[in-house]
Every structure is written in structure tokens, then in C-alpha cells.
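Just so you know, our numbering puts 236 at position 228 of the sequence shown, and the rest follows in order with no gaps.
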Amino acid sequence: MKKSGKAALDFCSAPPKNVRCVLLFGEDPGLIEAAALGLVGRWIAQLDPMNVVRLTDDELRKDPGVLEDHLSARSLMGGDSLVRVKTEKDTSARILTDTLKRIEVGSLFQEAFCIVEAGELPKTSRLRSAWEASPVACALELSPDDEDDVVRLVRESLSVDSIDVEGDALAAFCSELAGNRRLALSEIEKLRLYGMGLNRSVNVADIKVFSSGEIARGADDAADAAVLGDLKSADIAIDRFLESGGSPITALRVLHLRILRASNARSTRVQNGSRLWPPITDQDWPAYSAALRYWTPGRIIRALQCLHTTETACKAAGSPAEALLRHALHEIADRGQLEA
Numbered sequence: 009m010k011k012s013g014k015a016a017l018d019f020c021s022a023p024p025k026n027v028r029c030v031l032l033f034g035e036d037p038g039l040i041e042a043a044a045l046g047l048v049g050r051w052i053a054q055l056d057p058m059n060v061v062r063l064t065d066d067e068l069r070k071d072p073g074v075l076e077d078h079l080s081a082r083s084l085m086g087g088d089s090l091v092r093v094k095t096e097k098d099t100s101a102r103i104l105t106d107t108l109k110r111i112e113v114g115s116l117f118q119e120a121f122c123i124v125e126a127g128e129l130p131k132t133s134r135l136r137s138a139w140e141a142s143p144v145a146c147a148l149e150l151s152p153d154d155e156d157d158v159v160r161l162v163r164e165s166l167s168v169d170s171i172d173v174e175g176d177a178l179a180a181f182c183s184e185l186a187g188n189r190r191l192a193l194s195e196i197e198k199l200r201l202y203g204m205g206l207n208r209s210v211n212v213a214d215i216k217v218f219s220s221g222e223i224a225r226g227a228d229d230a231a232d233a234a235v236l237g238d239l240k241s242a243d244i245a246i247d248r249f250l251e252s253g254g255s256p257i258t259a260l261r262v263l264h265l266r267i268l269r270a271s272n273a274r275s276t277r278v279q280n281g282s283r284l285w286p287p288i289t290d291q292d293w294p295a296y297s298a299a300l301r302y303w304t305p306g307r308i309i310r311a312l313q314c315l316h317t318t319e320t321a322c323k324a325a326g327s328p329a330e331a332l333l334r335h336a337l338h339e340i341a342d343r344g345q346l347e348a
């Protein structure tokens, strides 16, 4: 079975009950990741990290039976389980196609859902051919976003917070984001945070300032430095952010997202930063991993309480919002401020 383009995306939004094994492939890795997350959300009603297993070509090579073991096992936590396999082209084609064949003939009873995520696959690919011909699986060919797709993504994302973008500003913002879903989602999130602090429509002038990168980078850099306990770098970044016209409310919300990322990293016990959002590079992972030891559940709760209290105070008429932001940033970055 095969679907492509819009039909493939529609499948991810509402997968049929008779298909439990899907191959995602196409040019844009970010779109494949987004489609996979969409399927995970539809297939796993109450998402528990313990019910989702991730496998790579390396792991399949070292233990060819590990995929079948996970697919046939019942979840120890109860509920549905799912296996995500990330593969490069036909690297693990033999193992994957043999497993699919066993599911088709009934010699392997599939308990867990399965998503195989590949890159571009030619029509001659063994992996693609097997999934397209299978009566129990589906190959989904994902076409890169065009500008209209990005406009739709922006409108859907910003409408949740009632953020309006003027037509010319929307066109300017979307013009460079087609074909890269990961970048588009990252920029849309930054625009959402920027727009929440404006209390008016986003215009072309805002997009020009925003696109310069100084505002977005300043907020991100300040939040990242604070989580790492680097007070000096946090101060430098927040100065750059505010001097570029950034809103204190926006900075607080970026910091809030970074604390939530630390909470997620601790609770799921991730072994690398690629599984977090925003992702953390391999180069930055050792320092971030070391910083996580400081972020106990109690400190995370107190940091979130601090941010909530600060945002409420910043919204009061005549409040010294920049000073309140700096105080909150110092409280989180200074390791002596939050009690253990």
C-alpha cells in the first residue's frame, strides 16, 4: 500500500485501524520527524516514554532479532506500545523486509505499532518496494512543504494564541522556509513567542527585526546560559535581547520552555540531545548533561513558580518589567538562589 503528498499527511492525521506498520520517506528529514510524531500521537493514547522504543541501523546490525522482540512483546506499562526505526536508505533493508514478511504470513504476531523513518528512497529501493506491495503496511512518500504549506502551518500555530500577522508580513516570513519543516517549526515557535508580547498584529517591520536574528538568539542564548548556571553569559545575552527590542514576556516564556526541556530530559533519561526539543548538539551535550544533575524536581518546580510569578508581575501596569526579568534570570542562573 502506498500514499504520497497530501494523502500521506492525511494518513498520519487519521491512520486506518487495519495498518500498524508504516514506512515514512522523502527529502525533508524534519517533515518525516513531524509525520512520525503525528502517528505516535494518534496510535498511543496516553504517551509514556517507556512505551516507545527507538532503534537505529547500528542497533539492528548488532542484534538482528531486537526488532521482532520489541514488536511481539506486550507493554510492561500497559496500553499500546510503538517501535520507531530510523534507517539510512536500504542499510537495514534485509532485516526490515524479513520482519514485514513474517508479519504478513502470520508467523510474527505484531503487538506494537511500527514506524520506519528513512530518507529519500528511489523506486528501486528494497525497503520501499516491500512496503508498497504489502497488504498490511503502508509506504508514505512525503513531499517537501511549499510556501502555501508554511503559511498554513503559521496560521494554525499562531491562531491558538490569537496572534495575527499582516498579509505582507506573513509572506515575508514564509518566503525562506519552504522545504525545511524543522526550520519552519523552530521559526514559527520563535515568532509565536515574539507575537505574544506585542499586543498587536505582527507587521513587516517586526519581521525584519525578527529575521535579523538578534532578538531570537538573545532570548535563546540567555535561557540556555541560565539553565547551565552561566550567569555572566546569561547577562550578556539578555542585554543583547533587550537592546534589540525584545519583550521581557517573550524572554520569560523562552526560559519557561528551557526549564520544561530540562524536566523532560530528566524524566525520560535521554542519552543524547537529539531527542529533546529544541535539540541539543553532540558538542553541547556533555555540559548540558552535567547541568541536569543540578535540576532536581524540586528546583524545577521552584524555577517554574518563579517564572509564573515574574510574568504576572511584568503584566501589571507600570511594572519595571526588564528589572523583574533580570531578577528571575539571576535566580535561575545563580546556583545559590534555588534551594535544593
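Note that CB positions come from ideal geometry on N, CA and C, so glycine has one too.
Measuring CA to CA, which of the options is closest to residue i?
i, options, result
"Asp342", "Ala299, Asp172, Lys94", "Ala299"
"Ser255", "Ile196, Leu333, Ala231, Ile309", "Leu333"
"Leu135", "Ala273, Glu184, Ala101", "Ala101"
"Tyr296", "Ala336, Ala231, Lys198", "Ala231"
"Tyr202", "Gly326, Gly226, Val235", "Gly226"
"His335", "Val30, Ala321, Ala15", "Ala321"
"Leu39", "Cys20, Arg28, Cys29", "Cys20"
"Ser275", "Trp293, Met58, Ile52, Gln291", "Met58"
"Ala120", "Ser89, His264, Arg163", "Ser89"
"Glu184", "Lys216, Pro37, Pro286", "Lys216"
"Ala87", "Thr99, Val27, Ala53, Asp71", "One point to set straight first is that residue 87 is Gly, not Ala, in the sequence displayed. That would be Ala53, whose Cα lies nearest to the Cα of Gly87."
"Asp349", "Asn188, Asp214, Asn207, Lys198", "A query on residue 349 cannot be resolved here, the shown segment of the chain reaching from 9 to 348 and no further."
"His316", "Ala325, His264, Arg301", "His264"
"Asn26", "Arg160, Gln118, Ser137", "Gln118"
"Tyr302", "Val235, Thr132, Ile171", "Val235"
Tell me which residues share the same chain as residue i and place their Cβ nearer than 7 Å to its Cβ, disregarding the 5 neighbours each side in the sequence.
i, result
"Glu222", "Note that Glu222 scores a pLDDT of 49, beneath 50, so its modelled location is shaky; the value from the coordinates is reported in the next line. So the list reads Arg248, Ser252, once near-sequence residues are dropped."
"Gly13", "Ser151"
"Asp228", "Val262"
"Lys240", "none"
"Ser83", "Asn59, Ser89"
"Ala273", "Leu284, Leu300"
Can you round the beta-carbon distance between residue i and residue j to whole angstroms, since I take them to be within the 8 Å contact cut?
i, j, result
"Leu17", "Ala43", "7 Å"
"Asp65", "Thr105", "Wrong, their Cβ atoms sit about 14 Å apart, outside the cutoff."
"Glu41", "Arg266", "Going by Cβ atoms, the distance from Glu41 to Arg266 rounds to 20 Å, so no, they are not a contact pair."
"Val158", "Ala180", "The pair is not a contact, with the Cβ atoms about 12 Å apart (cut-off 8 Å)."
"Ile196", "Val168", "With 8 Å as the limit, Ile196 and Val168 do not qualify as a contact, their Cβ atoms being about 11 Å apart."
"Arg200", "Leu166", "6 Å"
"Val93", "Val124", "5 Å"
"Pro328", "Ser194", "Not a contact, Cβ separation roughly 31 Å."
For residue i, which residues from the same chain have a beta carbon less than 6 Å from its beta carbon, with the 5 sequence-adjacent residues on both sides left out?
i, result
"Ser271", "Ile308"
"Cys29", "Cys122, Ala145"
"Thr99", "Asp65"
"Ser133", "Asp98"
"Ile171", "Gly203"
Measure the CB-CB distance between residue i and residue j and report whether it falls below 8 Å.
i, j, result
"Val173", "Ser209", "yes"
"Val144", "Glu112", "yes"
"Leu75", "Lys97", "no"
"Lys10", "Ala147", "yes"
"Thr304", "Leu260", "no"
"Leu108", "Ser142", "yes"
"Gly34", "Glu149", "yes"
"Glu155", "Ala186", "yes"
"Asp292", "Gly306", "no"
"Asp153", "Ala192", "yes"
"Met204", "Thr258", "yes"
"Arg50", "Pro23", "yes"
"Arg269", "Leu250", "no"
"Leu312", "Ile246", "no"
"Ala126", "Leu68", "no"
"Asn188", "Asp36", "yes"
Return the first residue and the last residue of the alpha helix (DSSP H) that residue i is part of.
i, result
"Ser241", "239-251"
"Thr258", "256-276"
"Ser167", "155-167"
"Ala81", "Neither: Ala81 is in no alpha helix (DSSP H) and is coded neither H nor E."
"Arg301", "Unbroken run through Arg301: none, as it is neither H nor E."
"Phe19", "14-21"
"Glu174", "Run containing Glu174: none; DSSP gives neither H nor E here."
"Leu47", "37-51"
"Arg190", "189-204"
"Asp290", "Unbroken run through Asp290: none, as it is neither H nor E."
"Glu112", "101-113"
"Glu128", "Segment: none, Glu128 is in no alpha helix (DSSP H) and carries neither H nor E."
For the beta strand (DSSP E) that residue i lies in, which residues bound it at each end?
i, result
"Thr64", "60-64"
"Glu125", "121-125"
"Arg334", "No beta strand (DSSP E) contains Arg334, which is instead part of the alpha helix (DSSP H) from 329-341."
"Leu90", "90-94"
"Val30", "29-34"
"Glu149", "145-150"
Within its chain, find whatever has a CB closer than 8 Å to the CB of residue i; leave out the 5 residues flanking it on each side and keep chain order.
i, result
"Ala15", "none"
"Arg110", "Glu76, Leu116"
"Ala325", "none"
"Glu330", "Leu250, Pro256"
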